[in-house]
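Chemist: What follows is a structure written as structure tokens; I'll ask about it next.
In the working numbering, the protein residues as written are 591 to 1071.
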């Protein structure tokens, strides 16, 4: 049997699509892959020409054809002697086209989509780890894979197909608001959709909280067996009301009060869930809420509560998410966290306050060319919840790192914390760790799992965990520990 799918079958997956230039190829042409990036086209691919804000995929068609593309998905007919599928909106159809090309892989697995401002990464990894502990084969698609939180539709469907072919039974997917707005999960059949929380983020893109909510809300317009919604905030409560009004029969409401008797410490946390005592290696109360959402999701699918509790206890910390950096005899606790949003920074600072009776330090910056309005708010939060603040660079991109730092410092104002500005991130981390007293806690916030720093057009190797480890070793060498 010939591999791949015919152009006619692909065309049928689109509304109002027209196949042109069919005389330019053999009637036996089969498409086995799809790409929207000309740099990654492989022989025989369908190349999707997506018009973007910075570049138009139609202008890269020649490069794609030179790399072996066999056909084009276009919004306007191009002057190339290859078959072309002509549609009115490539981005609108690309998800369904990619799903068709790869054999609708999500139909063969249980796919759970998790959206929200914070907690997506930890929740999907907690779900996958708990499932594995219960004997299921589970995969994850999300932030730690690099690139977009939610990959473009061709990569999404290719990843799902790879997991299907490697016998995964479950896939847990981080679904961002950008991913929803850009149609990256079109063509994905979700068995469950999950909402964690909503707070100010990406308002440079969405303009206001209502538009941001509506983007997240779009995930719940998709047919799914279950909708698991945390009511930790008013947005979650609103979503519950809306889904009830629509008569969603698989609605599961997750109340934060279900986390009972929480105890937070330097080595992890304990809490009671549905009568089950759970001991977790995860730090911070907000991570207990992520475990709660994961547990309630598995319970919706009928998993035994004893098995779920056992699985949740086996969940290990996610890279760059409240990740301890431990060097014996250093005398200070260091935690690296991805908290690059105001609410996330507040929660991380509250969490590390439980780790020791000493002072709390925070080293952080803010990304350039991103929501500038959050910078003074993050400064205010740091100045209120930390004792020592070291403002530094994050990923300044083409913006002035000094100007970004000034925006942050403007929010600190007369708050209680002592503030310094050290723009070199490595120097800032070394300063905080070397100056910390025995018993202090240092939170390195903003970059988490990232292994690069974007300065101008350059991507320079940088890892908060590695730099923190070096700083701790230097501290011991200097006799400060």
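Note that the Cβ used here is the ideal one computed from N, Cα and C, for glycine as well.
Taking the DSSP output, what are the residues bridged to residue 1043?
Modeler: Beta bridge pairing from DSSP links residue 1043 with 1050.
Chemist: What separation, rounded to the nearest whole angstrom, lies between the Cα atoms of residue 1070 and residue 923?
Modeler: Cα to Cα, the separation comes out at about 14 Å.
Chemist: How many Å lie between residue 591 and residue 846 at the Cα?
Modeler: Model confidence at residue 591 stands at a pLDDT of 35, short of 50, so the residue's coordinates are unreliable and nothing is read from them.
Chemist: What whole-angstrom Cβ distance do residue 956 and residue 984 have, given they're in contact under 8 Å?
Modeler: About 5 Å separates the CB atoms of residue 956 and residue 984; that is less than 8 Å, so the two are in contact.
Chemist: Check each candidate in 1003, 925, 644 and 745 and name the one with the smallest Cα separation from residue 872.
Modeler: 925
Chemist: Tell me the residue span of the beta strand (DSSP E) that contains residue 816.
Modeler: 816-820
Chemist: With distances taken between CB atoms, is the gap from residue 771 to residue 805 smaller than 9 Å?
Modeler: yes
Chemist: Taking only the alpha-carbon atoms, compute the straight-line gap between residue 963 and residue 622 and give it to the nearest angstrom.
Modeler: 45 Å
Chemist: Can the beta-carbon of residue 746 be found closer than 9 Å to that of residue 775?
Modeler: yes
Chemist: I'd like the ranges of any beta strand (DSSP E) spanning at least 3 consecutive residues and lying wholly in the segment 838-866.
Modeler: 841-844, 850-855 and 858-863
Chemist: Between the Cα of residue 694 and the Cα atoms of 644, 809 and 600, which residue gives the shortest distance?
Modeler: 600
Chemist: With 16 as the cutoff for other CB atoms within 10 Å, does residue 851 come out buried or exposed?
Modeler: So residue 851 ends up on the exposed side.
Chemist: Which residue marks the beginning of the beta strand (DSSP E) containing residue 726, and which one marks its end?
Modeler: Premise fails: residue 726 is in no beta strand (DSSP E) and is neither H nor E.
Chemist: For residue 751, I'd like the list of residues in its chain whose CB is within less than 7 Å of its CB, leaving aside the five on either flank, ordered along the chain.
Modeler: Close CB contacts of residue 751 within its chain, under the 7 Å cut and outside five residues either way in sequence, are with 692, 693 and 695 (chain order).
Chemist: Can you tell me which residues form a DSSP beta bridge with residue 630?
Modeler: None, per the DSSP bridge assignment.
Chemist: Looking at C-alpha atoms only, which residue of 1030, 1067, 671 and 596 is the closest neighbour of residue 613?
Modeler: 671
Chemist: Have a look at residue 710 and residue 682 and give me their C-alpha separation to the nearest angstrom.
Modeler: 25 Å
Chemist: Give me, in chain order, the residues of the same chain whose beta-carbon lies closer than 7 Å to that of residue 897; leave out the 5 immediate sequence neighbours on both sides.
Modeler: 724
Chemist: With distances taken from CA atoms, which of 1041, 1056 and 893 is nearest residue 544?
Modeler: Because the chain spans 591 through 1071 in this model, residue 544 falls outside it and cannot be assessed.
Chemist: Out of 968, 715, 836 and 639, which one is the CA nearest neighbour of residue 733?
Modeler: Taking the Cα of residue 733 as reference, the smallest distance to any Cα among 968, 715, 836 and 639 is reached at 715.
Chemist: List the endpoints of the continuous alpha helix (DSSP H) containing residue 836.
Modeler: No alpha helix (DSSP H) contains residue 836, which DSSP labels as neither H nor E.
Chemist: Rounded to the nearest angstrom, what separates residue 689 and residue 749 at their Cα positions?
Modeler: 11 Å
Chemist: Quick check on residue 676: does DSSP put it in helix, strand or coil?
Modeler: strand
Chemist: What separation, rounded to the nearest whole angstrom, lies between the Cα atoms of residue 1034 and residue 870?
Modeler: 22 Å
Chemist: Along the beta strand (DSSP E) that carries residue 540, what are the first and last residues, could you check?
Modeler: The shown model of the chain, from 591 to 1071, leaves out residue 540, and the question about it has no answer.
Chemist: Note down the Cα distance separating residue 864 from residue 1028, rounded to an integer number of angstroms.
Modeler: A direct Cα-Cα distance of roughly 39 Å separates residue 864 from residue 1028.
Chemist: Could you tell me the boundaries of the alpha helix (DSSP H) in which residue 888 lies?
Modeler: 875-890
Chemist: Which whole-angstrom value describes the C-beta separation of residue 950 and residue 943, a residue pair presumed to lie in contact below a C-beta threshold of 8 Å?
Modeler: 6 Å
Chemist: Can you tell me which of the three DSSP states residue 712 falls into?
Modeler: helix
Chemist: Out of 948, 967, 934 and 627, which one is the CA nearest neighbour of residue 642?
Modeler: 627
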